[in-house]
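A.B. asks: Chains as they are written, first to last, in our numbering: chain S, 1 to 490; chain Y, 1 to 406.
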Amino acid sequence: MGIFSKLQEKIKSAIPRSVIRDLSEVLKPDQIVLDQAGLQAFETDALTAIQVLPFVVVMPESTADVAAVAKISHKYDVPMVPRGAGTSLAGGAIPTSNAIVVCLSRMNKILDIDLVNRSAKVQAGVTNLAISAAVDRDGFFYAPDPSSQLSCTIAGNIAMNSGGAHCLKYGVTTHNILGVKLVTAEGEILEFGGPFLDPAGYDFLSLIVGSEGGLGIVTEATVMLRAKPEGARPLLLGFESHEQAGDCVAAIIGKGYLPVAIEFMDKPAIKACEEHARAGYPLDVEALLIIEFEGATEEIDASFQQVLRIASQFNPVHKRIANTDEEAQAIWLGRKSAFGAIGRISEYLCMDGVIPLSKLSHVLSKIAEICSSYKFQVSNIFHAGDGNLHPLILYDANRTGEFQRVEKCGAEILELCVMAGGCITGEHGVGLEKRDLMTLQFSETDLINQMRVKLLFDPNWVLNPDKVFPLELAETFRRDESSLSDGEST
Amino acid sequence: MQDMLTPLVNRDLKDMILDAKDKGTSLEILGHGTKRMIGRYSEKNVPLTMRRFSEVTLYEPSELVISARAGTPIVEIERELKGYGQHLPFEHLDFSKLFETEPGYGTIGSLFATNFSGSRRLLKGSARDHLIGVKGINGRGESFSSGGRVMKNVAGYDLAKLMANSWGTLAVMTEVTIKLLPTPPSECTLFLYGLEEDIALEALRTAIATPYEVSGAVHLNKTHAFPCLEGVTYVQDKAVTAIRLENTPKSLAYRSEKIRELLSAFGELFYIDEPESKLFWQNMRQLAFLANRDDAIWRVSTSPQRAFQSARQIKKLVDSQVSYDWGGGLLWISTRGVADMGSSDIRRIIAQAGGHATLIYPGVDATQPVSPFHPLDPAHMQLTKGLKSMFDPAGVLNPGRMYDGV
Ligand SMILES: Cc1cc2nc3c(=O)[nH]c(=O)nc-3n(C[C@H](O)[C@H](O)[C@H](O)COP(=O)(O)OP(=O)(O)OC[C@H]3O[C@@H](n4cnc5c(N)ncnc54)[C@H](O)[C@@H]3O)c2cc1C
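1) List, in order along the chain, the chain Y residues whose C-beta lies closer than 9 Å to that of Leu456/S?
2) Verify whether the separation of the beta carbon atoms of Phe289/Y and His224/Y is less than 8 Å.
3) Determine, using beta carbons only, whether Ser119/Y comes closer than 8 Å to chain S.
4) What residues from the segment 380 to 396 of chain S come within 7 Å of chain Y, judged by C-beta to C-beta, listed N to C?
5) Compare the C-beta of Cys248/S with all C-beta atoms of chain Y and state if any pair is closer than 8 Å.
6) Cβ of Ala379/Y less than 8 Å from any chain S Cβ?
7) Return the residues of the segment 148 to 171 of chain Y that lie within a Cβ-Cβ distance of less than 9 Å from chain S, sorted by chain order.
8) Should Asn98/S be counted as a contact of ligand 1 given a C-beta to heavy atom distance under 7 Å?
9) When the Cα atoms are used, what is the spatial distance from Thr25/Y to Arg40/Y?
10) Pick out whichever of Val396/Y, Gly363/Y, Asn247/Y, His374/Y has its Cα sitting closest to the Cα of Leu98/Y.
11) Hey, is the segment 153 to 161 of chain Y in contact with the segment 450 to 458 of chain S, meaning 3+ C-beta pairs nearer than 8 Å?
12) With a threshold of 7 Å on Cβ separation, who are the neighbours of Gly163/S within its own chain once the five nearest residues in sequence on each side are excluded?
13) Which residues of chain Y have a Cβ atom closer than 7 Å to the Cβ of Gln441/S, listed in chain order?
14) On the criterion of 16 or more Cβ atoms from any shown chain inside 10 Å, does Arg309/S qualify as buried, or is it exposed?
15) Return yes when the C-beta of Asn157/S is under 7 Å from any heavy atom of ligand 1, and no when it is not.
16) Pull out every residue of the segment 109 to 134 of chain Y whose Cβ sits closer than 8 Å to any Cβ of chain B, in chain order.
17) Measuring only from the beta carbon, is Gly148/Y closer than 7 Å to any heavy atom that is part of ligand 3?
18) I need the straight-line Cα distance from Ala261/S to Asp392/Y, nearest angstrom please.
19) Could you give the first and the last residue of the continuous alpha helix (DSSP H) run that contains Asp114/S?
20) For Glu60/Y, which residues does DSSP report across the bridge?
21) Tell me whether Glu212/S counts as near ligand 1, meaning its Cβ is closer than 7 Å to at least one heavy atom of that ligand.
22) State yes or no: is the beta carbon of Gln236/Y nearer than 8 Å to at least one beta carbon in chain S?
23) Using DSSP bridges, identify the partner residues of Trp167/Y.
24) Taking just the CA atoms, how far does Leu376/Y sit from Asp295/Y?
25) Give the DSSP-derived three-state secondary structure of Leu349/S in the structure shown.
26) Spell out a yes or no on whether the segment 129 to 144 of chain Y and the segment 152 to 160 of chain S are touching, meaning 3 or more CB-CB pairs, one atom from each, closer than 8 Å.
27) Output the residue ranges of the beta strand (DSSP E) runs that lie fully inside the segment 287 to 330 of chain Y and measure 3 residues or longer, sorted by chain position.
28) On the criterion of 16 or more Cβ atoms from any shown chain inside 10 Å, does Val249/S qualify as buried, or is it exposed?
29) If you measure from the CB of Ile217/S, is any heavy atom of ligand 1 nearer than 7 Å?
30) Compare the Cα-Cα distances from Gly213/S to each of Arg399/S, Asn108/S, Leu432/S, Ser346/S and report the closest residue.
31) Show which residues of chain Y have a CB atom less than 9 Å away from the CB atom of Leu360/S.
32) To test your reading of the DSSP string, which unbroken alpha helix (DSSP H) runs of 4 or more residues are found completely within the segment 123 to 176 of chain S?
33) Quick one: does the C-beta of Asn88/S sit closer than 7 Å to a heavy atom of ligand 1?
34) With the cut-off set at 8 Å, would you say Ala164/Y and Leu123/Y are in Cβ contact?
35) Check this for me: beta carbons of Leu269/Y and Phe144/Y, under 8 Å apart or not?
36) Which of the three DSSP states is assigned to Arg83/S in this structure?
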């Protein structure tokens, strides 16, 4: 059975019209989307294969708006689906048809920049890149850098615990968030953390970050700013085999060098990128590494020399150092346009598994085997420093049944990642896409412990209700839990 | 003292927890017990030590990851890492000098349960940030795991990091997996002497805002500075402002020169090389500066923006000495001669500034009981109790250690 075929929407028989009436009492007319064409803009996210028309979309402009909407959702027991820019690749922002979609894109103000404190307070809908842009002139930046950073929102990043190429050095969202303001499922406003390190008591921030909109609606965030490095440049290394490239990454890290990014591309990816971006990548290699270092010119040069020395044991057949900004941009251009380049060739399903680096060549050859058994082509692009694989499985979306087949193929790949000691998602999250695969990685008890946290924050299970946890398990859990609490209270 | 329970394997631990749950008793979860002085202590709890859960279960230097059973001594892990030029980057605190316990004790589980990170936290993050996987048993006697051995993992809710700073009240960790970092090849420290606090904090801010990756930024008042400077070449009987850099020797030469130029207006900068630099930061990690056993000791996390003002207000009201770590974000306050250890004033002022204050050590003048952990507001307390009841409904694990009823 495919991943999505289990999508069982629990459409409540009649959603009271009074929900709309109540919403229009607390929001302005232009904050409520009800017309078919308007709703269609919210029927999917970057997981475009699934579309569900929501019941209503609201566009809050303040935390108070969000709290007012949540109170209405609570009163009528109607689900809410928080939404930022809708770039989730896991279907995290895809609504259910009985849901109020709460889209925070209008809450896009930077509220405070505090350079003494190296932090910024921003509204939920501010884009990732806008934060860095706002402090760039002062020599600071916000570190997590998902490839979607131009459009994705900070709240979406918080919900998905997003990361990008540079997280090898700077960590992902959870390492860079100091505080959040949150509206609970019942419409209460809570704050966790603030412009200081390591909040008191239990680490609620660690729960909120990565909770995929299931614990509360984030309306504001305090993020950590970092001083910008003096410069950054990549070098490019081409190898005759995956093994050599993988071993080279392991050797670099094992020898004590921690570049700011290490990206890996296999041959099909290199070819597609080169045809599209003309970055000057070699076409006669099996694997390419892009390794970036930060610092002053001489520091980067010194790091390059060390890495080249280490790499020489693995017989790199292509070496290119970026000496100027232009050369650096050219090297990154290919990588950054990789997904688009492959998208021009074919539809693809982008997987997001993580593996221990030591298993890299084993996993890559297994992925090739799995895909060829399904007669799919696959192209691998990934963050090698932290083992976050992105196999792009190419398929023909116009053939009936192909999507189900490609899902199945993807599920096998993720199972392989877990078997190798890794996990089913490194940055895109679980969402709708991978909820049924959670059992690959977690035992029932593991998931029950997580669901108890959801129940604590969201007792009626109205926040993004059909995401993250396998539906059947969630159903059973909620039934057991409610009978238990009935029993305990009597 | 009651007999100590000493489980060896998960099965034992689970049985002990279930047994306590059935009998309606409770357990005090211990590693080596080095941090037993911190937080609240109840005679009623049966002590249970995790010290026999001791083994490194996985170490992959090329992936910067190590897993160990929770009772593994920290020193053993450090010894293992040293051979590969890697380290635990967050500089966990060592309380042995302060509490006059034997040095070299402390378990890896308690390190995360308490999440006390030292000076390098400023640049490299907290202990919590490096905790990527946990296996444990909750108060219901259920074994669970969260996270894993790969550093990027966003599957489900992050219960691993939730264990950090939970002081053994939610679950007993049985195994932890940690992200490591390469040990920097060399370090140096720049000292400024005798600066006024506000000027010193500005100097630290200026240094941190550079691209030179300052990995330690402290200002110690004259009294606190003295014990930390033991063995360091440039000892002076003055307050000291210290800025640490860690990198290759060549980079250090370049970066320290840049900082020196930038900070020259603040006064003469003294360059401290290894091994004195290392010694100074080790003294910091061991809280040598607080070694006066008469004083009560507070550890305060606050906004660097408000740190100086807050400290000034506190000093006006309480007989106290203040030093700063994390470029001003962490205040170490020692107080004397006050029955509540300065609690009411410190907590009120810090709450206004944003942040929280933990009582590390009560000193000799304490006569009033004080909550060691910063009191939570009602909404947070409700959630805290809720979380406790989800993980440990019968209150078996360290009940009351952090807060009443938790
Ligand atoms: C081309 C492309 C490249 C990408 N590259 C990366 C990458 O490199 N790294 C990476 O990590 N991700 C990547 N992504 C995935 C995606 O961009 C991230 O997950 C991003 O954080 C989503 O942000 P968003 O604002 O679009 O959120 P949405 O897609 O709108 O929502 C994502 C999730 O967040 C929840 N949410 C949104 N707002 C709130 C809120 N205010 N409160 C609570 N929950 C909320 C939603 O309910 C949903 O579950 C990429 C996506 C695309 C399309």
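Note that CB positions come from ideal geometry on N, CA and C, so glycine has one too.
C.D. replies: Result, derived from the coordinates:
1) Within the first sequence, numbered from 1, the residue matching residue 456/S stands at position 456. Residues of chain Y with a Cβ closer than 9 Å to the Cβ of Leu456/S are, in chain order, Leu383, Gly386, Leu387, Ser389, Met390.
2) One-based indexing of the second sequence puts residue 289/Y at position 289. One-based indexing of the second sequence puts residue 224/Y at position 224. Closer than 8 Å, so yes.
3) Here residue 119/Y refers to the residue found at position 119 of the second sequence. Chain S places no beta carbon closer than 8 Å to that of Ser119/Y, leaving this residue out of the contacts.
4) For the segment 380 to 396 of chain S, the beta-carbon criterion of a distance under 7 Å to any beta-carbon of chain Y is satisfied by Asp386, Gly387, Asn388.
5) Counting from one through the first sequence, the residue named residue 248/S turns up at place 248. Taking Cβ atoms only, chain Y never reaches closer than 8 Å to Cys248/S, which makes this a no.
6) What you label residue 379/Y is simply residue 379 of the second sequence in a count that begins at 1. Yes, contact with chain S.
7) Residues of the segment 148 to 171 of chain Y whose Cβ lies closer than 9 Å to any Cβ of chain S, in chain order: Gly148, Arg149, Val150, Met151, Lys152, Asn153, Val154, Ala155, Gly156, Tyr157, Asp158, Leu159, Ala160, Lys161, Leu162, Met163, Ala164, Asn165, Ser166, Thr169, Leu170, Ala171.
8) Translated into the one-based positions of the first sequence, residue 98/S becomes position 98. For Asn98/S, the shortest C-beta to heavy atom distance toward ligand 1 is 7 Å or greater.
9) Residue mapping note: residue 25/Y aligns to position 25 of the second sequence, counting from 1. Residue mapping note: residue 40/Y aligns to position 40 of the second sequence, counting from 1. One Cα belongs to Thr25/Y, the other to Arg40/Y, and the distance between them is close to 17 Å.
10) The residue you call residue 98/Y lines up with position 98 of the second sequence. Per the C-alpha coordinates, the member of Val396/Y, Gly363/Y, Asn247/Y, His374/Y positioned closest to Leu98/Y is Gly363/Y.
11) With the cut-off at 8 Å, the segment 153 to 161 of chain Y and the segment 450 to 458 of chain S touch.
12) Here residue 163/S corresponds to residue number 163 of the first sequence, with the count starting at 1. Excluding positions up to five away in sequence, the list reads Pro144, Pro146, Val172, Thr173, Glu427.
13) Walking along the first sequence from the start, residue 441/S turns up at place 441. Those within 7 Å of Gln441/S in chain Y are Ala155.
14) The sequence position of residue 309/S within the first sequence is 309, counting from 1. Under a 10 Å Cβ-count criterion, Arg309/S is classified as exposed, with fewer than 16 other Cβ atoms of the shown protein chains found around its own Cβ.
15) Within the first sequence, residue 157/S is the residue found at index 157, counting from 1. Result yes, Cβ under 7 Å from ligand 1.
16) The structure shown contains no chain B; the protein chains it does contain are S and Y.
17) As presented, the structure is devoid of ligand 3, carrying ligand 1 as its sole ligands.
18) Taking the first residue of the first sequence as 1, we reach residue 261/S at position 261. Taking the first residue of the second sequence as 1, we reach residue 392/Y at position 392. Put simply, the backbone Cα of Ala261/S is about 41 Å away from that of Asp392/Y.
19) In the first sequence, counting from the first residue as 1, residue 114/S sits at position 114. No alpha helix (DSSP H) holds Asp114/S; the beta strand (DSSP E) holding it covers 110 to 114.
20) Within the second sequence, numbered from 1, the residue matching residue 60/Y stands at position 60. Beta-bridge analysis with DSSP links Glu60/Y to Val65/Y.
21) Position 212 of the first sequence, counted from the start, is the residue given in the question as residue 212/S. Distances between the C-beta of Glu212/S and the heavy atoms of ligand 1 include at least one below 7 Å.
22) Mapped onto the second sequence, residue 236/Y falls at position 236. For Gln236/Y, the answer is no, since every Cβ of chain S falls outside 8 Å of its Cβ.
23) As a first step, residue 167/Y is located in the second sequence; it is residue number 167 there, counting from the start. DSSP links Trp167/Y through a beta bridge to no other residue.
24) Within the second sequence, residue 295/Y is the residue found at index 295, counting from 1. Within the second sequence, residue 376/Y is the residue found at index 376, counting from 1. Each residue's Cα considered, the two are about 25 Å apart.
25) Residue 349/S sits at position 349 when you count from the first residue of the first sequence. In the structure shown, Leu349/S sits in a strand (DSSP, three-state: E or B).
26) By the C-beta criterion, the segment 129 to 144 of chain Y is judged not to be in contact with the segment 152 to 160 of chain S, since fewer than 3 inter-stretch pairs fall below 8 Å.
27) The beta strand (DSSP E) runs lying completely inside the segment 287 to 330 of chain Y and spanning 3 residues or more are 296 to 302, 320 to 325, given in chain order.
28) By 1-based counting over the first sequence, the position of residue 249/S is 249. Buried.
29) Position 217 of the first sequence, counted from the first residue, corresponds to residue 217/S. The nearest non-hydrogen atom of ligand 1 is less than 7 Å from the C-beta of Ile217/S.
30) Locating residue 213/S in the first sequence gives position 213, where the first residue counts as 1. Considering only alpha carbons, the answer is Leu432/S.
31) Counting from 1 along the first sequence, the entry for residue 360/S is found at position 360. Using a Cβ-Cβ cut-off of 9 Å, Leu360/S is close to nothing in chain Y; its nearest Cβ partner there is about 10 Å away.
32) Whole alpha helix (DSSP H) segments, 4+ residues: 128 to 135, 154 to 160, 167 to 170.
33) Position 88 of the first sequence, counted from the start, is the residue given in the question as residue 88/S. Here residue 88/S is Ser; the residue named in the question, Asn, does not match the sequence. Checking every heavy atom of ligand 1 against the Cβ of Ser88/S, one is found closer than 7 Å.
34) By one-based count along the second sequence, residue 164/Y stands at place 164. By one-based count along the second sequence, residue 123/Y stands at place 123. No, the Cβ-Cβ distance between Ala164/Y and Leu123/Y is not below 8 Å.
35) Within the second sequence, the letter at position 269 stands for residue 269/Y. Within the second sequence, the letter at position 144 stands for residue 144/Y. Cβ distance not < 8 Å, so Leu269/Y and Phe144/Y don't count as in contact.
36) As a first step, residue 83/S is located in the first sequence; it is residue number 83 there, counting from the start. The DSSP-derived three-state label of Arg83/S is strand.
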